[in-house]
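Residues 40 to 416 (my numbering) are what the sequence shown spells out, left to right. Positions of the beta carbon are idealized from the N, C-alpha and C atoms, including for glycine.
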Amino acid sequence: MTEGDYAQVKTGQVVENADEGEKVQDEWGESGGEYVMERWKQMLARSCRGAAGLEAVTRVFPMCLSPHVLELIRGGSEAIRRQFMPDVAELEESGDLQPDPLAEERLSPVPNIVHKYPDHCLFLVSDACAAYCRFCTRKRKFGAGRGIDPTKLEPGFAYIERHAEIRDVLVSGGDPLLLEDGRLEEILRRLRKIRHLEIIRLGTRVPFSLPERVTRKLARMLGRYHPLYVNVHVNHPDELDAKTVGALGRLADAGIPLGSQTVLLKGVNDSVEVMRTLMTKLLAARMRPYYLFQSDLVFGNEHFRTPLRQGLEIMRGLRCWISGLGVPAFIIDLPNGGGKVQLVPENLVRREGRRWTFLNYRGQEYVYPDVGEEDED
Ligand code: SF4
Numbered sequence: 040m041t042e043g044d045y046a047q048v049k050t051g052q053v054v055e056n057a058d059e060g061e062k063v064q065d066e067w068g069e070s071g072g073e074y075v076m077e078r079w080k081q082m083l084a085r086s087c088r089g090a091a092g093l094e095a096v097t098r099v100f101p102m103c104l105s106p107h108v109l110e111l112i113r114g115g116s117e118a119i120r121r122q123f124m125p126d127v128a129e130l131e132e133s134g135d136l137q138p139d140p141l142a143e144e145r146l147s148p149v150p151n152i153v154h155k156y157p158d159h160c161l162f163l164v165s166d167a168c169a170a171y172c173r174f175c176t177r178k179r180k181f182g183a184g185r186g187i188d189p190t191k192l193e194p195g196f197a198y199i200e201r202h203a204e205i206r207d208v209l210v211s212g213g214d215p216l217l218l219e220d221g222r223l224e225e226i227l228r229r230l231r232k233i234r235h236l237e238i239i240r241l242g243t244r245v246p247f248s249l250p251e252r253v254t255r256k257l258a259r260m261l262g263r264y265h266p267l268y269v270n271v272h273v274n275h276p277d278e279l280d281a282k283t284v285g286a287l288g289r290l291a292d293a294g295i296p297l298g299s300q301t302v303l304l305k306g307v308n309d310s311v312e313v314m315r316t317l318m319t320k321l322l323a324a325r326m327r328p329y330y331l332f333q334s335d336l337v338f339g340n341e342h343f344r345t346p347l348r349q350g351l352e353i354m355r356g357l358r359c360w361i362s363g364l365g366v367p368a369f370i371i372d373l374p375n376g377g378g379k380v381q382l383v384p385e386n387l388v389r390r391e392g393r394r395w396t397f398l399n400y401r402g403q404e405y406v407y408p409d410v411g412e413e414d415e416d
């Protein structure tokens, strides 16, 4: 990673409001860039151990915040501050961390496609995010955000058309919901024309990072391309405020199945208590918890990493303590493109013939008498 663009700011963002179709403008207007940077420097001084620290980090990994994220940080959410504010710890070296831990570049047969698994692939259609998560797996691409020329997606469409084994595509980025409605619809229309493609999934963080973007008009448009699933990246209960819950509700009202993706992050959500609250709030917001990811080995991430044992303890604190509907799969996406593996807390204590002894959710032993197998007496 070379020194990139200076910290990016989102100002003067105009979005269409959900129902009224009115225009809403952020509080700084069109020309507030420098002013905003100055205010952020003051605000960030605490988190970055001085403005000099902020500049050193953002020269390497640019910063981008949306008004909604900033509002929540200013409201006092430490969990959100930690996810989005630069920290000099991002510049610390670690031998285990890599720019492209999932080997996406190697697994990309044509630009913007990552094809790792037999029947599904990833299609990167946007290079912009409403806010940059400091632990992002695609941190190497921070600072792009200039838009992907539509012609650059043609090899991706052609690849999916040529590969009849692909029956499911995850449309991601960046964030695909930062594309204009017409552009996004054109992509969905093209994908729907591919006869062997059964399922379209969208990966997004916009219902949280820019909830006003999720208009009823957008939700209705997405609802024309079923079966279409939306997976939303949510890491902490503080992210599920009224605006975000409203955005999720608009998607759910359009009949779109919603799943969550959460990254386990030190100092953000690395406790049973926070995870129980998050998972139950996700269900209440009409979203099914789907994946809990161990943090990827992306460089600049050492200060976010948690021991695997801690993730397993959190999973043990979810199963049966909350409804099974709210328990995600705990996943490591293996380095070097190895793919996902699921980690499950060990519950088998011993096996004596057909008697299997398990620990229940309260740590008590219970025996299950197994049925005999055909080759047993
Ligand atoms: S929204 Fe997703 S792609 Fe964008 S910075 Fe966050 S984790 Fe990365």
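Check                                                                                                                                                                                                 : Outcome
Alpha carbons only, please: which of Met354, Gly378, Met318 and Phe343 is nearest the one belonging to Glu129?                                                                                        : Phe343
If you draw a straight line from the alpha carbon of His235 to that of Val302, how long is it in whole angstroms?                                                                                     : 32 angstroms
Quick check: the Cα distance between Glu278 and Glu412, rounded to an integer number of angstroms?                                                                                                    : 49 angstroms
For the ligand SF4, is there a heavy atom less than 7 angstroms away from the beta-carbon of His272?                                                                                                  : yes
With a threshold of 6 angstroms on Cβ separation, who are the neighbours of Pro189 within its own chain once the five nearest residues in sequence on each side are excluded?                         : none
How long is the line joining the alpha carbons of Leu455 and Asp214, rounded to whole angstroms?                                                                                                      : The chain is shown only over 40 to 416; residue 455 falls outside these bounds and no answer can be derived.
Report the CB separation of Arg325 from Ala291 in whole angstroms; it is logged as a contact under 8 angstroms.                                                                                       : 4 angstroms
In chain order, what residues place their C-beta within less than 5 angstroms of a heavy atom belonging to the ligand SF4?                                                                            : Cys168, Tyr171, Cys172, Cys175 and Arg244
Return the first residue and the last residue of the alpha helix (DSSP H) that Val311 is part of.                                                                                                     : Val311 to Ala323
Could you spell out where the alpha helix (DSSP H) holding Arg113 opens and where it closes?                                                                                                          : Pro106 to Arg113
Could you say if the stretch 309-322 and the stretch 119-129 meet the contact criterion of at least three C-beta pairs nearer than 8 angstroms?                                                       : no
Bridge partners for Leu218 per DSSP, in chain order?                                                                                                                                                  : In the DSSP output, where bridge partners are listed per residue, Leu218 has none listed.
Quick check on the burial criterion: 16 or more other C-beta atoms within 10 angstroms. Buried or exposed for Asp409?                                                                                 : exposed
At which residues does the beta strand (DSSP E) containing Glu391 begin and terminate?                                                                                                                : Leu387 to Glu391
How would you write the range of the alpha helix (DSSP H) that Pro189 sits in, first residue to last?                                                                                                 : Segment: none, Pro189 is in no alpha helix (DSSP H) and carries neither H nor E.
Could you tell me whether the Cβ atoms of Thr396 and Val383 are closer together than 8 angstroms?                                                                                                     : no
To the nearest angstrom, how far is it from the Cα of Ser299 to the Cα of Gly378?                                                                                                                     : 19 angstroms
With DSSP as the reference, label Asn375 as helix, strand or coil.                                                                                                                                    : helix
Roughly how many angstroms lie between the CA atoms of Leu267 and Cys160, to the nearest whole one?                                                                                                   : 15 angstroms
Can the beta-carbon of Leu136 be found less than 8 angstroms from the beta-carbon of Glu341?                                                                                                          : yes
Which residues does DSSP list as the beta-bridge partners of Tyr270?                                                                                                                                  : Reading off the sequence shown, one finds Asn at residue 270, where the question assumed Tyr. DSSP lists Gly242 and Gly298 as partners of Asn270.
So, with DSSP's three-state summary, where would you put Asp120?                                                                                                                                      : According to the sequence provided, residue 120 is Arg. The question's Asp does not apply to it. Reduced to three states, the DSSP call for Arg120 is helix.
Please go through the same chain and pick out, in chain order, the residues whose beta-carbon is closer than 8 angstroms to the beta-carbon of Ala368, but skip the five residues on each side of it. : Tyr329, Tyr330, Leu331 and Gln381
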